[in-house]
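Take 28 as the starting number for the sequence shown in the working numbering and just add one per residue.
Structure first, commentary second.
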Amino acid sequence: MSQAIPRTIPEYLDQLRSALRGADPAMIQDALYDAEEHLRAELAEHPELDEAAMLARVATSYGAPDEVAEIYRVKEGEVEQALRPRRRQPVAEKSLLARFFGVAVDPRAYLALFYMVLTLATGIFYFTWVVAGLGMSAGFAILIIGIPFIILFFATVRALSFVEGKIVEAMLGVRMPRRPQAMQPGGSIWQRIGAMFTDPRTWSTLFYMLLMMPLGVLYFCIVTIGFSFAIGLTLAPFVHLFSPYGSGIVMVDGDYVTWSAPLWSLPFVFVGGVLLFFVMLHIVRGIGQLHGQLAKHLLVKAG
Numbered sequence: 028m029s030q031a032i033p034r035t036i037p038e039y040l041d042q043l044r045s046a047l048r049g050a051d052p053a054m055i056q057d058a059l060y061d062a063e064e065h066l067r068a069e070l071a072e073h074p075e076l077d078e079a080a081m082l083a084r085v086a087t088s089y090g091a092p093d094e095v096a097e098i099y100r101v102k103e104g105e106v107e108q109a110l111r112p113r114r115r116q117p118v119a120e121k122s123l124l125a126r127f128f129g130v131a132v133d134p135r136a137y138l139a140l141f142y143m144v145l146t147l148a149t150g151i152f153y154f155t156w157v158v159a160g161l162g163m164s165a166g167f168a169i170l171i172i173g174i175p176f177i178i179l180f181f182a183t184v185r186a187l188s189f190v191e192g193k194i195v196e197a198m199l200g201v202r203m204p205r206r207p208q209a210m211q212p213g214g215s216i217w218q219r220i221g222a223m224f225t226d227p228r229t230w231s232t233l234f235y236m237l238l239m240m241p242l243g244v245l246y247f248c249i250v251t252i253g254f255s256f257a258i259g260l261t262l263a264p265f266v267h268l269f270s271p272y273g274s275g276i277v278m279v280d281g282d283y284v285t286w287s288a289p290l291w292s293l294p295f296v297f298v299g300g301v302l303l304f305f306v307m308l309h310i311v312r313g314i315g316q317l318h319g320q321l322a323k324h325l326l327v328k329a330g
């Protein structure tokens, strides 16, 4: 049995949220934003109608909450299907060896690698922005500009979380909101601003931005050390064969001493470097998947 026609926009959004229960939280946020934007635009275009009359009118055009929810579910499934790589014929399950070396042609591994390097810069920026913003908000709290500054700071945090979500979706392949998160509908402007401060997702976003700096340093160290070691092992046999100094030069008691690895070990060193390179690609791809889930948990409002 369909629900009764809602009489207010917040009631419509509540019914839409209820109809979308269990769906992807990012998709729910997009649907709620689109619905509120459309309904408020309809209300502005027809000032002679109250909310109840306007909602009764758009129920046949925009759709009732359960109808809109079904449209979004279908559309989301179609988009996911379109984004998946098409296969003309069934492909046999790959062997363990093929899956191990197949990571070299997986774009997700290289996008995650780039994201992990980029996180060092974005993490420092987010950390600095949050620490400076909270510090200045505390300092301005006793002044008349304190409240506007705090509101502006939290608004910028919400905007940065939306930008970070777009980066995460593009590079890590995790579905993130494609619409900004609207303030809590209903009530006065002060009640809506207050809801922004009491929303747990606001504080989890601040925690995420503070966490990004240590994560960025950790990711950068994993990438640089791991791949440098892998490339070094791969190139070491060629350096040994073509360098006049053998495998390298070390200083012992103030004197330079050349050293050489046994020739029989060079193939194993080369193979070890190549294998480590593929292992690092798997590690990077796995970290990217884990970070995507962390970002979705902390940045996206639960349905």
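C-beta: ideal position from N, C-alpha, C; glycine also.
Worksheet entry | Minimum length 4: unbroken alpha helix (DSSP H) runs contained in the region 37 to 83 | 52 to 72
Worksheet item: With C-beta atoms as the reference, is arginine 228 less than 7 angstroms away from lysine 323?
Response: For the purposes of this step, residue 228 is taken as residue 201 along the sequence shown, with counting starting at 1. For the purposes of this step, residue 323 is taken as residue 296 along the sequence shown, with counting starting at 1. Not in contact: arginine 228 and lysine 323 (Cβ atoms no closer than 7 angstroms).
Worksheet entry | Local conformation of leucine 170 per DSSP, three classes | Numbered from 1 along the sequence shown, position 143 holds the residue referred to as residue 170. It is coil, neither helix nor strand.
Worksheet item: Are the Cβ atoms of glutamine 60 and arginine 206 separated by less than 7 angstroms?
Response: Sequence index remark: in the sequence shown, residue 60 carries index 33 (1-based). Sequence index remark: in the sequence shown, residue 206 carries index 179 (1-based). In the sequence as displayed, the identity of residue 60 is tyrosine instead of glutamine. Yes, the Cβ-Cβ distance between tyrosine 60 and arginine 206 is below 7 angstroms.
Worksheet item: In whole angstroms, what separates the C-alpha of valine 250 from that of leucine 140?
Response: Position 223 of the sequence shown holds residue 250. Position 113 of the sequence shown holds residue 140. Valine 250 and leucine 140 have their alpha carbons spaced roughly 7 angstroms apart.
Worksheet item: Between the C-alpha atoms of tyrosine 39 and alanine 79, what's the straight-line distance to the nearest angstrom?
Response: Walking along the sequence shown from the start, residue 39 turns up at place 12. Walking along the sequence shown from the start, residue 79 turns up at place 52. Spanning the two alpha carbons is a distance of roughly 10 angstroms.
Worksheet item: Can you tell me whether DSSP reads aspartate 93 as helix, strand or coil?
Response: Locating residue 93 in the sequence shown gives position 66, where the first residue counts as 1. If DSSP states are grouped into helix, strand and coil, aspartate 93 belongs with the helices.
Discussion item. Tell me the rounded alpha-carbon separation between histidine 255 and leucine 302.
Written reply: In the sequence shown, counting from the first residue as 1, residue 255 sits at position 228. In the sequence shown, counting from the first residue as 1, residue 302 sits at position 275. Correcting the residue identity first, residue 255 is serine in this sequence and not histidine. When rounded, the distance between both Cα atoms is 13 angstroms.
Worksheet item: Tell me which same chain residues have a C-beta within less than 6 angstroms of the C-beta of tyrosine 224, skipping the five on either side of it?
Response: Sequence index remark: in the sequence shown, residue 224 carries index 197 (1-based). The amino acid occupying residue 224 in the given sequence is phenylalanine; tyrosine does not appear at that position. Closer than 6 angstroms at Cβ, skipping near neighbours: no residue.
Discussion item. With distance defined between alpha-carbon atoms, name the residue in His309, Ile258, Leu326 and Gly166 nearest to methionine 236.
Written reply: For the purposes of this step, residue 236 is taken as the residue at position 209 of the sequence shown. The option with the nearest alpha carbon to methionine 236 is Leu326.
Fill in: C-alpha distance - threonine 35 paired with glycine 104, whole-angstrom precision
Against the sequence shown, residue 35 aligns to sequence position 8. Against the sequence shown, residue 104 aligns to sequence position 77. So the alpha carbons of these two residues sit roughly 30 angstroms apart.
Practice prompt. State buried or exposed for histidine 73, treating a residue as buried only when at least 16 other CB atoms are found within 10 Å of its CB.
Written response: Position 46 of the sequence shown, counted from the start, is the residue given in the question as residue 73. Only exposed fits histidine 73, as fewer than 16 other CB atoms lie within 10 angstroms of its CB.
Worksheet item: Mind checking leucine 66: buried by the 16 CB within 10 Å criterion, or exposed?
Response: By one-based count along the sequence shown, residue 66 stands at place 39. With a threshold of 16 other beta carbon atoms within 10 Å, leucine 66 meets it and is buried.
Item to complete: Please report how far the alpha carbon of leucine 43 lies from the alpha carbon of isoleucine 55, in whole angstroms.
Response: Numbered from its first residue, the sequence shown carries residue 43 at position 16. Numbered from its first residue, the sequence shown carries residue 55 at position 28. Roughly 9 angstroms between the two C-alpha positions.
Worksheet entry | Among Ser231, Met163, Arg100 and Met81, the one whose alpha carbon lies nearest that of alanine 46 | In the sequence shown, residue 46 corresponds to position 19, counting from 1. Here the closest residue by C-alpha is Arg100.
Fill in: Start and end residues, alpha helix (DSSP H) containing methionine 240
Along the sequence shown, one-based indexing puts residue 240 at 213. 227 to 269 is the extent of the alpha helix (DSSP H) around methionine 240.
Worksheet item: The alpha helix (DSSP H) with methionine 25 in it runs from where to where?
Response: With the chain represented from 28 up to 330, any question about residue 25 goes unanswered, as that position is not in the structure.
Discussion item. Considering only the alpha carbon of each residue, which of Leu293, Leu260, Gly299 and Glu196 lies closest to leucine 317?
Written reply: Working through the sequence shown from its first residue, we reach residue 317 at position 290. For leucine 317, the nearest C-alpha among the options comes from Glu196.
Worksheet entry | Inter-residue spacing [alpha-carbon to alpha-carbon] between leucine 321 and aspartate 77 | As a working note, residue 321 is residue 294 in the sequence shown. As a working note, residue 77 is residue 50 in the sequence shown. Using only the alpha carbons, I get a separation of about 42 angstroms.
Practice prompt. Evaluate alanine 168 with the Cβ neighbour count: other Cβ atoms within 10 Å of its Cβ, from every protein chain shown; 16 or more gives buried, anything less gives exposed.
Written response: Taking the sequence shown and counting its residues from 1, one reaches residue 168 at position 141. Its Cβ having fewer than 16 others within 10 Å, alanine 168 is exposed.
Worksheet entry | The alpha helix (DSSP H) enclosing leucine 124, as first and last residue numbers | On the sequence shown, position 97 is the one that residue 124 refers to. Unbroken alpha helix (DSSP H) run through leucine 124: 123 to 129.
Worksheet entry | Three-state secondary structure (DSSP) of arginine 219 | In the sequence shown, the residue the question calls residue 219 occupies position 192. In the three-state scheme derived from DSSP, where H, G and I count as helix and E and B as strand, arginine 219 is classed as helix.
Worksheet item: To the nearest angstrom, how far is it from the Cα of phenylalanine 265 to the Cα of proline 289?
Response: Within the sequence shown, residue 265 is the residue found at index 238, counting from 1. Within the sequence shown, residue 289 is the residue found at index 262, counting from 1. The C-alpha of proline 289 is placed about 13 angstroms away from the C-alpha of phenylalanine 265.
Discussion item. Pop quiz: phenylalanine 189 and proline 204 are said to be a contact at Cβ under 8 angstroms. What is the actual Cβ separation, rounded to whole angstroms?
Written reply: Against the sequence shown, residue 189 aligns to sequence position 162. Against the sequence shown, residue 204 aligns to sequence position 177. With a Cβ gap of about 7 angstroms, phenylalanine 189 and proline 204 count as contacting.
Worksheet entry | Contacts around glutamate 69, its chain only, beta-carbon distance under 7 angstroms, and the 5 residues preceding and following it disregarded | Your numbering for residue 69 matches position 42 in the sequence shown. Around glutamate 69: Met81 and Val85.
Practice prompt. Pull up the distance between the alpha-carbon of isoleucine 252 and that of isoleucine 310, whole angstroms please.
Written response: For the purposes of this step, residue 252 is taken as residue 225 along the sequence shown, with counting starting at 1. For the purposes of this step, residue 310 is taken as residue 283 along the sequence shown, with counting starting at 1. If you draw a straight line from the Cα of isoleucine 252 to the Cα of isoleucine 310, it is about 13 angstroms long.
Practice prompt. Round the Cβ separation of glycine 150 and leucine 242 to the nearest angstrom and send it over; I've been treating them as touching at under 8 angstroms.
Written response: Locating residue 150 in the sequence shown gives position 123, where the first residue counts as 1. Locating residue 242 in the sequence shown gives position 215, where the first residue counts as 1. A Cβ-Cβ separation of about 6 angstroms places glycine 150 in contact with leucine 242 under the 8 angstroms criterion.
Practice prompt. Count the other C-beta atoms from every protein chain shown that fall within 10 angstroms of the C-beta of glycine 319, then say buried if there are 16 or more, exposed otherwise.
Written response: Position 292 of the sequence shown, counted from the start, is the residue given in the question as residue 319. Note on glycine 319: 16 or more other CB atoms within 10 angstroms of its CB, so buried under the neighbour-count rule.
Worksheet item: Between valine 201 and the rest of its own chain, which residues show a CB-CB distance below 6 angstroms, the 5 nearest in sequence each way excluded?
Response: Position 174 of the sequence shown holds residue 201. Excluding sequence neighbours, valine 201 sits near Val195, Gly319 and Lys323.
Discussion item. Would valine 157 and leucine 233 be called neighbours here (beta carbons separated by less than 7 angstroms)?
Written reply: Along the sequence shown, one-based indexing puts residue 157 at 130. Along the sequence shown, one-based indexing puts residue 233 at 206. In contact: valine 157 and leucine 233 (Cβ atoms closer than 7 angstroms).
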